[in-house]
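One point on numbering: in numbering that gives the first Met the number 0, the residue at position 120 of the sequence shown is 119, and numbering is uninterrupted.
Cβ coordinates follow ideal geometry from the N, Cα and C atoms, glycine included.
Quick notes on the structure that follows.
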Amino acid sequence: MKRVKHFYFASPIVIIVTLLFIVFSCNETPDKNEIEQNKTSLNALSSESKQLNETEEMVKRLSIINQNKTGKEYLHRNSEKADEMLTVLRNREAIKYDGFWLQYCNQLLFAGKPKECIAELENYFDRSRPLFAQITAENFAVFELLALAHLRKGEQENCQSLHTAYSCILPLQNSAVHQLQEGSSIALKTYQTLYDLKGNMGDRWLINLAYMTLGKYPDEVPKAYLLTFPNWKTETKNFPQFNQVAKSTGLNINGLSGGTCLEDFNNDGLLDVFTTAYGLNEPVKLLQNTGKGDFKDITEEANLKGITSGLNCIHADYNNDGYIDILVLRGAWLDDNGDHPNSLLKNNGNGTFSDVTESSGIFSLFPTQTAAWADVDKDGDLDLFIGNESSQKKNRPCQYFSNNGDGTFTESADKVGLGDIFGFIKGVTFGDINNDGWQELFISDIYGRNLLYLNKHGSFEEIGEQAGVIEPLGSFCSWFWDVNNDGYQDLFVAGYDISKFDAVAESFAKELQGTPSGLSQPKLYINNKDETFSDQTEAYGLSKSMFAMGANFGDLDNDGFLDFYIGTGSPNFTSVVPNRMFRNVKGQYFEEVTSAGGFGHIQKGHGIAFGDIDQDGDEDIYAVMGGAFEGDVFTNILYENPGFKKNWIVIDLKGVTTNRNGIGSRIIITLDNNQKIYRTVGTGGSFGSSSLQQEVGLNRSSKVKELTIEWQNGTVQHFKNINVNQKISITEGQEEFEIVSYSYIPFKTS
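Structure representation (C-alpha cells):
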C-alpha cells in the first residue's frame, strides 16, 4: 500500500509561539552538556525507532507464515485439511467408506466439529437396523470415532460453551456435571459395546468418565465397568482443595497448548501473566495485575499486537537493565514446516516491548519449544541455550548464544564444546551439580538418550553416561532442584513414550487397577555429591505413567520441601486423564494429592508456573490448557492456594556483578531449629516459567536464624535473625537488606 503524506496548517497561535521560540533561542548558545544530552536522546529515539521497525518486521513475518501455509502442513489447520479432503470425496463417482473417508471424518473432529463428524459417520450405517447390531471387525474404527465424537460433543457443549470454574476437574463437582447430556449418554453406550468386544482398558476409563459427566458415578456404573477413582490407596486424601479462580480474575484465556511466564514485568511489585498459544494466528497475551484481585489485558498497549504463536516461553533480564524480558519459542513438532523465528521481546521499561530477535543476533529458523538462560561464563550476563528439533530428513543443531554484554549475542556452540548437538530436544535446563558456581546443562531428547554437560569454567564436557542420567530413552520436560534439602541439586526428567499417544487413557486405567503399564515413567535422580546421580524414582514413589508435557515445581504447603505439578496428555482426543500433583514428604518420598487438592484437570496440561500472585505468602499455580489440534482449545486455569498456616519469606535478589536477578545463585536458609532449606534462583521447569522472586516456606519456624546468599559470581553474604512472613530485597554487596511492601490482595470471586 502506498504511503500518503499529510500536510497540516498550523493555527495562528501555534505560529506565534513558534516564532517567539525561534527568536529567543537564537540568542542562546547551548553548552556542551546540553549538546551531549541531545545526542543521547536522539540516539535513544533512533534505537527505539529501529526496535519498533523490527517489531513490525516480525509481525509481518508471522503474518506471512500464517497466511501462506496450507492445512496439509500443520496439526492445527484441520478445517482447511477437511475442506481439501472433501473436495476429493466430492469428485468421486460414488461415496467410498474407506480409509481416506475415515481420515476426513477425523479431520472434522480435530477441527472442533463433532456434530458434522457424527452426521458424516451416521451415513455409513443402515438406519433401518439397530446401530450396535452393525458392528463388525471391519468397521470397528468407525465405531471408535463415533464414540469419541459424541464424547467431544458433550465436552464442547458443556465444559466449553457452559464453562464453569470447575469444568473438567476430577472428581467433578455438581456445578461441572453436564447439563446437556446427549453427547456423554451416546458415547457411554458406544464405549460399553466396544469394551464388551475388545476389553480395552482405555475404553473402560472413558466409560467411567462418561458416567462422571452425567452425575451417575459411581452408584450407577455396572460392576463390570467400574474403576475406583480416586484410588485412595495410592492418593492422599488429607489435603485441602485449591480454588480455581481464572474466570473471576480475568485469566481465563482460551486457546490451544502454550507456555506461560509469571513475573512482575512493570516493576510495580505485583506478579503479571504472559501466555502464548500454539496456533499460528493465536496472539500472545500480557495480563497485568491490577492490584485489585484481577488482571487487565494490556497486550495491545504493550506493543505486542501481531506477535503470535509459540508453544513455550521463558523470561529473564538478558540485558541487566532491571526489566524482565521474554523469549517466545516457535515451530515445535512441525519438522520442515516449523522453520519459524523465535521472538526475543525486550522490555523497554515504559510498559512496552520490542522484538529484538534479529538485532540481538539470535535470529534463526529452526523448530523448537525449549531454551534456558544461565550465566555460563560467570561474566555477569545471561547466556542462552536453545534446543532445536532434528528429524530423519534434516539435522538442526542446538544453539548456544554467548551474551556480549551490550544487548547482543554471538553464536558460540563450537567454541564452548556444545557444537553438533542434534536430536528432537524437548527440555533443556541449567543447574550446578557440584556446587562450584558453574552451571551444568542437561538436555532431554524425546527419541533417544539424554545428555549432561559438565561446565569446566566456561566450556563443556558431556558426562551423561558416567553421571547415570541418560534415561528415560524418550523424555520431555526436566529440571534441577534440591529434593531433600541436602545442599546438592537433584534432577527430574519426565518420560514420554511418543509412539504411545493412544495409550494414555489405557495406561491411567491400568494404574488405577494396580497394574502399572510401565509407559512414560519419569526418572528422579538424587545427587551423589560426586558428579554422579542415583535413580531413586521407585524409592520416592514416582514409578507412575505420567505422559508429562508441561510441568513445574514449588512449595505448595510451605513446609520447606519442593512439590511438583504435571500437565499430562497427548494430542489424541482420548487422552482425557487428570493432570497430577505430588507433595514432597520431608524430602523422603512423594505422595499424590491430585484429587484431594482439586488438581485433576482432564484437559491437556502445558505451560505451568508457580508464584504468590495474591501476596498471602503461599504459592498459587497458573496453567495453560488446550491441545494441538484446531478444535482442542480450552480455558487456562489459576489455582488459589488455600493456605497452610505456616510461615514464609519472599526474597528478591538484585545482582551487581552477578546477573541482575541472580539467576544461578544459591540461597541457604537456616531455621531456628537448625533445619536448612536450599533454593537456586531460576524459573523452574523447562515447560512453564515461574517467578524469579524466591518464595520459601519456613514450616513452623518463627525466625530465620541465618540467611546466606551465594551469588553465582562467588560473593557470599550473610544475614542473621530475620523476621518471617515478609518480603525482603537483597542487593549484592550491600550489608543491609530492604523490607519490601507486601500485603494480601484477595482474588476477585465474582
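Query raised in the report: How about N454 and E439: do their beta carbons lie closer than 8 angstroms?
Result: Taking the sequence shown and counting its residues from 1, the one referred to as residue 454 is at position 455. Taking the sequence shown and counting its residues from 1, the one referred to as residue 439 is at position 440. Yes, the Cβ-Cβ distance between N454 and E439 is below 8 angstroms.
**Report entry** Distance CB(L518)-CB(S544) smaller than 8 angstroms
**Finding:** Locating residue 518 in the sequence shown gives position 519, where the first residue counts as 1. Locating residue 544 in the sequence shown gives position 545, where the first residue counts as 1. Cβ atoms of L518 and S544: closer than 8 angstroms.
Query - Contact check, G599 vs G549, beta carbons under 8 angstroms - result: Position 600 of the sequence shown, counted from the start, is the residue given in the question as residue 599. Position 550 of the sequence shown, counted from the start, is the residue given in the question as residue 549. Going by C-beta atoms, G599 is not nearer than 8 angstroms to G549.
Query raised in the report: Is K215 helix, strand or coil when you go by DSSP?
Result: Along the sequence shown, read from residue 1 onward, the residue named residue 215 stands at position 216. Correct three-state label for K215: coil.
Query - D762 to R329 span [Cα, whole Å] - result: This structure cannot speak to residue 762, because the chain is shown only from 0 to 749.
Report task. Tell me C260's beta-bridge partners as DSSP assigns them. Result -> Taking the first residue of the sequence shown as 1, we reach residue 260 at position 261. F273 and S688.
**Report entry** Member of D354, G182, F686 and L697 whose CA lies at the smallest distance from the CA of C260
**Finding:** Translated into positions along the sequence shown, residue 260 becomes position 261. Out of D354, G182, F686 and L697, F686 has the C-alpha closest to the C-alpha of C260.
**Report entry** N-terminal and C-terminal residue of the alpha helix (DSSP H) that K197 is part of
**Finding:** Taking the first residue of the sequence shown as 1, we reach residue 197 at position 198. Run containing K197: E181 to K197, per the alpha helix (DSSP H) assignment.
Query - Distance, A164 Cα to S98 Cα - result: By one-based count along the sequence shown, residue 98 stands at place 99. By one-based count along the sequence shown, residue 164 stands at place 165. Looking at the sequence shown, residue 98 is not Ser but Gly. Each residue's Cα considered, the two are about 40 angstroms apart.
**Report entry** Simplified DSSP assignment, three categories, for F633
**Finding:** Translated into the one-based positions of the sequence shown, residue 633 becomes position 634. Reduced to three states, the DSSP call for F633 is strand.
Query - Unbroken beta strand (DSSP E) run spanning G610, endpoints - result: Within the sequence shown, the letter at position 611 stands for residue 610. Per DSSP, G610 belongs to the beta strand (DSSP E) from I607 to G610.
Report task. Quick one: which unbroken beta strand (DSSP E) runs of 3-plus residues sit fully inside the segment 555-588? Chain order, please. Result -> 562-567 and 579-584
Query - Pick from Q287, C397 and K291 that is closest to T351, judged by C-alpha positions - result: Within the sequence shown, numbered from 1, the residue matching residue 351 stands at position 352. It is Q287.
Query - Rounded C-alpha distance that separates K747 from E618 - result: As a first step, residue 747 is located in the sequence shown; it is residue number 748 there, counting from the start. As a first step, residue 618 is located in the sequence shown; it is residue number 619 there, counting from the start. Approximately 17 angstroms between the Cα atoms of the pair.
Query raised in the report: Exposed or buried, which one is S569 when buried takes at least 16 other CB atoms within 10 Å?
Result: What you label residue 569 is simply residue 570 of the sequence shown in a count that begins at 1. So S569 ends up on the buried side.
Query raised in the report: Taking DSSP as the reference, what is the three-state secondary structure of G732?
Result: Within the sequence shown, numbered from 1, the residue matching residue 732 stands at position 733. Coil.
Report task. Put M624 into one of helix, strand or coil per three-state DSSP. Result -> Working through the sequence shown from its first residue, we reach residue 624 at position 625. Reduced to three states, the DSSP call for M624 is coil.
Query raised in the report: If we ignore side chains and look at the alpha-carbon of each, how far apart do Q36 and T714 end up?
Result: For this step, residue 36 is matched to residue 37 along the sequence shown. For this step, residue 714 is matched to residue 715 along the sequence shown. Residue confidence for Q36 is low, a pLDDT of 42 falling below 50, so the modelled location carries little weight; the figure read from the coordinates is stated next. So the alpha carbons of these two residues sit roughly 36 angstroms apart.
Query raised in the report: With C-beta atoms as the reference, is D613 less than 8 angstroms away from I708?
Result: By one-based count along the sequence shown, residue 613 stands at place 614. By one-based count along the sequence shown, residue 708 stands at place 709. No.
Requested in this report: Within 10 angstroms of the Cβ of A118, are there 16 or more other Cβ atoms? Answer buried if so, exposed if not.
Outcome: If you number the sequence shown from 1, residue 118 lands on position 119. With fewer than 16 other Cβ atoms within 10 Å, it is exposed.
Query raised in the report: Just checking, does the segment 211-220 make contact with the segment 251-268 on the three C-beta pairs under 8 angstroms criterion?
Result: no
Requested in this report: Report the three-state DSSP secondary structure of N349 (helix, strand or coil).
Outcome: By 1-based counting over the sequence shown, the position of residue 349 is 350. Here N349 sits in coil by DSSP.
Query raised in the report: Going by DSSP, what residues sit across from S542 in a beta bridge?
Result: Translated into positions along the sequence shown, residue 542 becomes position 543. In DSSP, S542 forms no bridge with anything.
Query raised in the report: Which residues does DSSP pair with P745 in a beta bridge?
Result: Here residue 745 refers to the residue found at position 746 when the sequence shown is read from its first residue. DSSP, once it has assigned bridges, lists no residue as partnering P745.
Requested in this report: Evaluate contact between the segment 309-318 and the segment 291-300, counting only Cβ atoms and requiring at least three cross-stretch pairs below 8 angstroms.
Outcome: no
Query raised in the report: In terms of alpha-carbon separation, which member of G486, Q66 and F241 lies closest to G596?
Result: Looking up residue 596 in the sequence shown gives position 597. When each option's Cα is compared against that of G596, the closest is F241.
Query raised in the report: Can you tell me whether DSSP reads F643 as helix, strand or coil?
Result: In the sequence shown, residue 643 corresponds to position 644, counting from 1. The answer is coil: DSSP assigns F643 none of H, G, I, E or B.
Query raised in the report: What residue does the alpha helix (DSSP H) around V506 start on, and which one ends it?
Result: The residue labelled residue 506 in the question sits at position 507 within the sequence shown. The sequence given here has Ser at residue 506, not Val. Looking at the DSSP string, the run of the alpha helix (DSSP H) that includes S506 is V503 to L511.
Query raised in the report: What three-state label does DSSP hand C397 in the structure shown?
Result: Within the sequence shown, the letter at position 398 stands for residue 397. In this structure, C397 counts as coil in the three-state DSSP scheme.
Query raised in the report: Can you tell me whether DSSP reads R665 as helix, strand or coil?
Result: Residue mapping note: residue 665 aligns to position 666 of the sequence shown, counting from 1. Residue state, collapsed to three classes: strand.
Query raised in the report: To the nearest whole angstrom, what separates the beta carbons of S256 and A502, a pair I think is in contact under 8 angstroms?
Result: Working through the sequence shown from its first residue, we reach residue 256 at position 257. Working through the sequence shown from its first residue, we reach residue 502 at position 503. Not confirmed; about 20 angstroms, so no contact.
**Report entry** Contact set for S46: own chain, Cβ-Cβ below 6 angstroms, skip 5 residues either direction
**Finding:** For the purposes of this step, residue 46 is identified with residue 47 of the sequence shown, where counting begins at 1. For S46, the pLDDT reaches just 49, beneath the cut-off of 50, and the residue's location in the model is therefore unreliable, although a value from the coordinates is still provided. Contacts found: none.
Query raised in the report: Taking C-alpha atoms, which residue in S574, G278, Q191 and L652 lies nearest to I601?
Result: Within the sequence shown, residue 601 is the residue found at index 602, counting from 1. When each option's Cα is compared against that of I601, the closest is S574.
Query raised in the report: For the candidate residues F423, N237, K197 and L169, whose alpha-carbon lies nearest to that of Y210?
Result: Locating residue 210 in the sequence shown gives position 211, counting from the first residue. Here the closest residue by C-alpha is L169.
Requested in this report: With a cut-off of 8 angstroms on the beta carbons, I'd call V723 and K704 a contact; round off their distance for me.
Outcome: Mapped onto the sequence shown, residue 723 falls at position 724. Mapped onto the sequence shown, residue 704 falls at position 705. At roughly 11 angstroms, the Cβ-Cβ gap does not stay under 8 angstroms, so V723 and K704 are not in contact.
Query raised in the report: Excluding five sequence neighbours on each side, which residues of the same chain lie with their C-beta closer than 8 angstroms to the C-beta of A750?
Result: Lying before the first or after the last residue shown, residue 750 is absent from the chain, which here runs from 0 to 749.
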